[in-house]
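J.:
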Amino acid sequence: MLDSCKLKSACNLPFICNKKINTAGTSNAEVPLADPGMYQLDITLRRGQSLAARDRGGTSDPYVKFKIGGKEVFRSKIIHKNLNPVWEEKACILVDHLREPLYIKVFDYDFGLQDDFMGSAFLDLTQLELNRPTDVTLTLKDPHYPDHDLGIILLSVILTPKEGESRDVTMLMRKSWKRSSKELSENEVVGSYFSVKSLFWRFQTQSLRLSDLHRKSHLWRGIVSITLIEGRDLKAMDSNGLSDPYVKFRLGHQKYKSKIMPKTLNPQWREQFDFHLYEERGGIIDITAWDKDAGKRDDFIGRCQVDLSALSREQTHKLELQLEEGEGHLVLLVTLTASATVSISDLSVNSLEDQKEREEILKRYSPLRIFHNLKDVGFLQVKVIRAEGLMAADVTGKSDPFCVVELNNDRLLTHTVYKNLNPEWNKVFTFNIKDIHSVLEVTVYDEDRDRSADFLGKVAIPLLSIQNGEQKAYVLKNKQLTGPTKGVIYLEIDVIFNAVKASLRTLIPKEQKYIEEENRLSKQLLLRNFIRMKRCVMVLVNAAYYVNSCFDWDSPPRSLAAFVLFLFVVWNFELYMIPLVLLLLLTWNYFLIISGKDNRQRDTVVEDMLEDEEEEDDKDDKDSEKKGFINKIYAIQEVCVSVQNILDEVASFGERIKNTFNWTVPFLSWLAIVALCVFTVILYCIPLRYIVLVWGINKFTKKLRSPYAIDNNELLDFLSRVPSDVQVVQYQELKPDPSHSPYKRKKNNLG
96 MLDSCKLKSA CNLPFICNKK INTAGTSNAE VPLADPGMYQ LDITLRRGQS
146 LAARDRGGTS DPYVKFKIGG KEVFRSKIIH KNLNPVWEEK ACILVDHLRE
196 PLYIKVFDYD FGLQDDFMGS AFLDLTQLEL NRPTDVTLTL KDPHYPDHDL
246 GIILLSVILT PKEGESRDVT MLMRKSWKRS SKELSENEVV GSYFSVKSLF
296 WRFQTQSLRL SDLHRKSHLW RGIVSITLIE GRDLKAMDSN GLSDPYVKFR
346 LGHQKYKSKI MPKTLNPQWR EQFDFHLYEE RGGIIDITAW DKDAGKRDDF
396 IGRCQVDLSA LSREQTHKLE LQLEEGEGHL VLLVTLTASA TVSISDLSVN
446 SLEDQKEREE ILKRYSPLRI FHNLKDVGFL QVKVIRAEGL MAADVTGKSD
496 PFCVVELNND RLLTHTVYKN LNPEWNKVFT FNIKDIHSVL EVTVYDEDRD
546 RSADFLGKVA IPLLSIQNGE QKAYVLKNKQ LTGPTKGVIY LEIDVIFNAV
596 KASLRTLIPK EQKYIEEENR LSKQLLLRNF IRMKRCVMVL VNAAYYVNSC
646 FDWDSPPRSL AAFVLFLFVV WNFELYMIPL VLLLLLTWNY FLIISGKDNR
696 QRDTVVEDML EDEEEEDDKD DKDSEKKGFI NKIYAIQEVC VSVQNILDEV
746 ASFGERIKNT FNWTVPFLSW LAIVALCVFT VILYCIPLRY IVLVWGINKF
796 TKKLRSPYAI DNNELLDFLS RVPSDVQVVQ YQELKPDPSH SPYKRKKNNL
846 G
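Residues 96 to 846 (the numbering used here) make up the sequence shown, in order.
#1: When the Cα atoms are used, what is the spatial distance from isoleucine 174 to tyrosine 569?
#2: Do the CB positions of serine 353 and aspartate 386 come within less than 8 angstroms of each other?
#3: Give me, in chain order, the residues of the same chain whose beta-carbon lies closer than 8 angstroms to that of glutamate 195; leave out the 5 immediate sequence neighbours on both sides.
#4: Note down, in chain order, each residue of its chain lying with its Cβ closer than 6 angstroms to the Cβ of arginine 627, except the 5 sequence neighbours on either side.
#5: Can you tell me which of Gly423, Ile355, Asn593 puts its alpha carbon nearest to the alpha carbon of arginine 851?
#6: Beta-carbon within less than 7 angstroms of leucine 323's beta-carbon, same chain only, minus the 5 sequence neighbours each way: which residues are those?
#7: Ends of the beta strand (DSSP E) at methionine 672?
#8: Give the single residue among Val821, Val676, Phe762 whose Cα lies nearest to the Cα of phenylalanine 774.
#9: Going by beta carbon distance, what residues of the same chain come within less than 7 angstroms of glutamate 454, once the five residues before and after it are set aside?
#10: Is the separation between the beta-carbon of glycine 317 and that of threonine 432 shorter than 8 angstroms?
#11: Could you name the residues of the same chain whose beta carbon sits closer than 7 angstroms to that of leucine 516, not counting the 5 residues immediately before and after it, in chain order?
#12: Under DSSP, the alpha helix (DSSP H) around glutamate 325 begins and ends at which residues?
#13: Report all residues from its chain with a CB closer than 8 angstroms to the CB of valine 512; omit the five preceding and five following residues, and keep chain order.
#14: Take leucine 829 and list the residues in its own chain whose beta-carbon comes closer than 6 angstroms to its own, dropping the five residues that flank it on each side.
#15: Report all residues from its chain with a CB closer than 6 angstroms to the CB of proline 674; omit the five preceding and five following residues, and keep chain order.
#16: Out of curiosity, what's the CA-to-CA distance linking tryptophan 182 and glycine 582?
#17: Give the DSSP-derived three-state secondary structure of methionine 628 in the structure shown.
#18: Please list the segments of the beta strand (DSSP E) lying wholly inside the segment 163–210, counting only runs of 3 or more residues, in order along the chain.
#19: Restricting to Cα atoms, I'd like to know which of Glu419, Cys399, Gln607, Phe169 is closest to cysteine 187.
#20: With distances taken Cα to Cα, identify the nearest neighbour of proline 256 among Leu189, Lys358, Cys645, Phe524.
#21: Using DSSP with H/G/I as helix, E/B as strand and the rest coil, what is serine 276?
#22: Is aspartate 394 near aspartate 388, with beta carbons less than 8 angstroms apart?
#23: Decide if isoleucine 781 is buried, meaning its Cβ has at least 16 other Cβ atoms within 10 Å, or exposed.
#24: Relative to the C-alpha of leucine 778, which candidate in Tyr671, Asp150, Lys567 has its C-alpha closest?
#25: Between the Cα of leucine 193 and those of Leu811, Ala639, Leu136, spot the shortest distance and give me the residue it belongs to.
#26: For the alpha helix (DSSP H) that contains arginine 459, what are its first and last residues?
#27: Using a Cβ-Cβ cutoff of less than 6 angstroms, which residues in the same chain neighbour leucine 249 once the five nearest sequence positions on both sides are dropped?
#28: Would you mind working out which of Lys514, Tyr640, Glu501, Asp471 sits nearest aspartate 489, comparing C-alpha positions?
#29: Would you mind reading off the limits of the beta strand (DSSP E) that contains glutamate 519?
#30: Tell me where the alpha helix (DSSP H) around valine 769 begins and ends.
#31: To which residues does DSSP link alanine 555 through a beta bridge?
#32: Out of Lys692, Phe748, Leu681, state which residue places its alpha-carbon closest to the alpha-carbon of valine 632.
#33: In the structure shown, what three-state DSSP assignment does lysine 352 receive?
#34: Taking DSSP as the reference, what is the three-state secondary structure of leucine 428?
#35: Report the residue from Ser533, Asn807, Trp765, Phe646 whose alpha carbon sits nearest the alpha carbon of leucine 684.
#36: Beta-carbon separation of serine 215 and lysine 236 under 8 angstroms?
As structure tokens, then:
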């Protein structure tokens, strides 16, 4: 009998030290002694039986989550009003090692409220036989009430080693341990170790080409573009014979919610959004229609599904879907396209350091390819190198940090570095840029096995502010991005884009983020938005006072000059002078900035309000644990949140106009200069009646030429890319404090 733990210490082999291996016997157990590098775990979630009732009607709306190592890897669809649900859903999960069990949690879905816990169970992956389908029955338990019977979950699982060199390593190990019936000596084991080590070395020194699947992998295989056109003859849910319908879409963990169309049974949405396609064979999009009810739970109108595997790729499909369990139809346009260039690789392998790939990328976004795939604006590469001086989130004084990199709806993660406050990830992420005005968000979390990850810090970096190829230390901020938290993160970012495509994309609707936190009532936020709107209104009021003072001749020289200017402008006025004046204002502010006479002031009022809001949020989080106040006044909250959001939109609109002329985003100010020049020339050369005629013909014939066109306003779409004063504060970089660096402290201690 030979103890594998002794062998680990003697040979430094990565053995799992929870079994003793009988090399003298004839055991044929298929449990590997060492991880072969990667496993594929195929799970079929069959059904649940006798689950716990969590709703008032004695039933539940159950769904299931799978977690490995504290990270969610799968979430099932919701089965409404059923204690014996049948899912029959399949999941394919890649597992780095078998030490982490599969954690199964069941929840009851509650719309608008926190979902109720229905039980959990563990599946020990080390007990599964390789390449053999296994039916598993798991008993659900609540750790706080272990005696309660919460039902069972039935699964079918099969564990398979990944093909290739890793399997050769595993087979070589097995042969070394199961050679005939003789007992191996320690020297023979060491010899086997060096054979394995040489094979690992051969595996690691394979070609570093960017297409190497062991070093770089695409995380999704395509894009599903969905346009929600309209609903027809929906079910009336309100007493007035109408409904306030909206639609929810779900593909795996991805969700999207449409806008609400008030008082209609034939809503016209005209909304477009994208989902990522992870499975080669497609997937199922679950669609549910709801009627919005203020102050109570929304009414269910109906459901339908779209099977993506039945749709051909690179082609737009118009679908008219009958709603089940209800009445009416939904009309959609669905297009499946090939995968975008979104990937993760090691630091030693990245696109821009490979000269051939760099030239291909530069060629792809050259000025000569203006009209080739207008949605593909540019290429982003992010090197996440390391972090220093992170916050200790665990009781041991350490953290288990991992990093999440987000660009709009693209979301990629690094691996976790355990028990470390100065982690090194050395990973490269690449993204396709759809909108050059997007903001790159990098968030650091502490991994927790049995609960959601703890927030450690975050930075938000507008793409247009990035300096290519510069390794930079970014001070981590709090959740609201209003102030610093502990630690810095080192990033190196490169952006390549086509300026003409970026300008054209600026004039179409901004991509909506489908993973966002729900708005909640905040007294401080309400006050902040009111003050912001008041400041914008006061600019107009003060301008009116100034004009009125000229009429009153409070200052005779000023009034005389204003009178002469008024006569001159009115006598010689032409329409082209309006964009010309705005053009002169932009140019004047630009020359002030480049001459060092920047009159832009840092908005300390907004910063102070944001800090006060953060403190109040912390108080609200503590109070919400003690009371259910928000739930009791749900209807009042909804009205207040709507008012709060309207104030935010009005204030942001005024601030965006101001920031356009203040050169807050030079790219947009230059774009405004080009547009104003074009408008000035057009209005100067072409009589106004012809311009109005062309505009009217375009508006009247737009629906005839393109029945499913999505309405938009180019000016509003342009202004949506300009940051408000709050966003300017959030995107500001904080200067790192050199004394926070652990490496500097070590040098000081040595000195």
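Virtual Cβ for every residue (Gly too), placed ideally from N, Cα, C. Quick caveat: nothing in here was measured; it's all calculated off a predicted structure.
T.: Working from what's here:
#1: Counting from 1 along the sequence shown, the entry for residue 174 is found at position 79. Counting from 1 along the sequence shown, the entry for residue 569 is found at position 474. CA-to-CA, the gap between isoleucine 174 and tyrosine 569 works out to about 44 angstroms.
#2: As a working note, residue 353 is residue 258 in the sequence shown. As a working note, residue 386 is residue 291 in the sequence shown. No; because the gap between Cβ atoms is not below 8 angstroms, this pair is not in contact.
#3: Residue mapping note: residue 195 aligns to position 100 of the sequence shown, counting from 1. Only Ile163, Gly164, Leu220 meet the Cβ criterion.
#4: Here residue 627 is taken as the residue at index 532 of the sequence shown, counted from 1. Contacts found: Ala746.
#5: An answer regarding residue 851 cannot be provided, because it is not within the stretch 96 to 846 covered by the chain.
#6: Counting from one through the sequence shown, the residue named residue 323 turns up at place 228. Closer than 7 angstroms at the Cβ level, and outside the excluded window around leucine 323, lie Val342, Ser353, Trp364, Glu366, Leu427.
#7: Position 577 of the sequence shown, counted from the start, is the residue given in the question as residue 672. Premise fails: methionine 672 lies in the alpha helix (DSSP H), 672–689, not in any beta strand (DSSP E).
#8: Here residue 774 is taken as the residue at index 679 of the sequence shown, counted from 1. Checking every option, the nearest Cα to that of phenylalanine 774 belongs to Val676.
#9: Here residue 454 corresponds to residue number 359 of the sequence shown, with the count starting at 1. Counting only Cβ-Cβ distances below 7 angstroms, and skipping sequence neighbours, we find nothing.
#10: On the sequence shown, residue 317 is found 222 positions in, with the first residue counted as 1. On the sequence shown, residue 432 is found 337 positions in, with the first residue counted as 1. Yes, these two residues count as a Cβ contact at 8 angstroms.
#11: As a working mapping, residue 516 is identified with position 421 in the sequence shown. These residues qualify, in order along the chain: Gly484, Leu485, Ala487, Lys493, Ser494.
#12: Within the sequence shown, residue 325 is the residue found at index 230, counting from 1. Glutamate 325 -> not in any alpha helix (DSSP H); beta strand (DSSP E) instead, spanning 317–327.
#13: Within the sequence shown, numbered from 1, the residue matching residue 512 stands at position 417. Within the same chain, valine 512 has close Cβ partners Asp495, Pro496, Phe497, Pro518, Glu519, Trp520.
#14: Here residue 829 is taken as the residue at index 734 of the sequence shown, counted from 1. Answer for leucine 829: Val570, Pro579, listed in chain order.
#15: In the sequence shown, counting from the first residue as 1, residue 674 sits at position 579. Excluding sequence neighbours, proline 674 sits near Leu771, Phe774, Thr775.
#16: What you label residue 182 is simply residue 87 of the sequence shown in a count that begins at 1. What you label residue 582 is simply residue 487 of the sequence shown in a count that begins at 1. Their backbone Cα atoms lie some 44 angstroms apart in a straight line.
#17: The count along the sequence shown starts at 1 and reaches residue 628 at position 533. Helix at methionine 628.
#18: 166–170, 181–190, 197–203
#19: As a position in the sequence shown, residue 187 is number 92, starting the count at 1. Residue Phe169 is the option with its Cα nearest to cysteine 187.
#20: Walking along the sequence shown from the start, residue 256 turns up at place 161. Residue Leu189 is the option with its Cα nearest to proline 256.
#21: Position 181 of the sequence shown, counted from the first residue, corresponds to residue 276. Note that serine 276 scores a pLDDT of 36, beneath 50, so its modelled location is shaky and nothing firm can be said.
#22: The count along the sequence shown starts at 1 and reaches residue 394 at position 299. The count along the sequence shown starts at 1 and reaches residue 388 at position 293. Their beta carbons are under 8 angstroms apart, which means aspartate 394 touches aspartate 388 by this criterion.
#23: Numbered from 1 along the sequence shown, position 686 holds the residue referred to as residue 781. Exposed: under 16 other Cβ atoms inside 10 Å.
#24: Locating residue 778 in the sequence shown gives position 683, counting from the first residue. Minimum Cα distance to leucine 778 is reached at Tyr671.
#25: Counting from 1 along the sequence shown, the entry for residue 193 is found at position 98. Ranking Leu811, Ala639, Leu136 by Cα distance to leucine 193 puts Leu136 first.
#26: Taking the sequence shown and counting its residues from 1, one reaches residue 459 at position 364. Note, arginine 459: alpha helix (DSSP H), 450–459.
#27: As a position in the sequence shown, residue 249 is number 154, starting the count at 1. For leucine 249, same chain residues with a beta-carbon under 6 angstroms away, outside a window of 5 residues either side, are Arg141, Arg142, Thr232 in chain order.
#28: As a working mapping, residue 489 is identified with position 394 in the sequence shown. Closest by alpha carbon: Lys514.
#29: As a first step, residue 519 is located in the sequence shown; it is residue number 424 there, counting from the start. Its beta strand (DSSP E) spans residues 519–528.
#30: As a working mapping, residue 769 is identified with position 674 in the sequence shown. Looking at the DSSP string, the run of the alpha helix (DSSP H) that includes valine 769 is 761–780.
#31: In the sequence shown, residue 555 corresponds to position 460, counting from 1. Alanine 555 pairs with Glu536.
#32: Indexing the sequence shown from 1 puts residue 632 at position 537. Considering only alpha carbons, the answer is Phe748.
#33: Translated into positions along the sequence shown, residue 352 becomes position 257. In this structure, lysine 352 counts as strand in the three-state DSSP scheme.
#34: Stepping through the sequence shown from its first residue, residue 428 is reached at position 333. Leucine 428: strand per DSSP, three-state reduction.
#35: Residue mapping note: residue 684 aligns to position 589 of the sequence shown, counting from 1. Per the sequence shown, the amino acid found at residue 684 is asparagine instead of leucine. Asparagine 684 has its Cα closest to that of Trp765, out of Ser533, Asn807, Trp765, Phe646.
#36: As a first step, residue 215 is located in the sequence shown; it is residue number 120 there, counting from the start. As a first step, residue 236 is located in the sequence shown; it is residue number 141 there, counting from the start. Taking 8 angstroms as the Cβ cut-off, serine 215 and lysine 236 qualify as a contacting pair.
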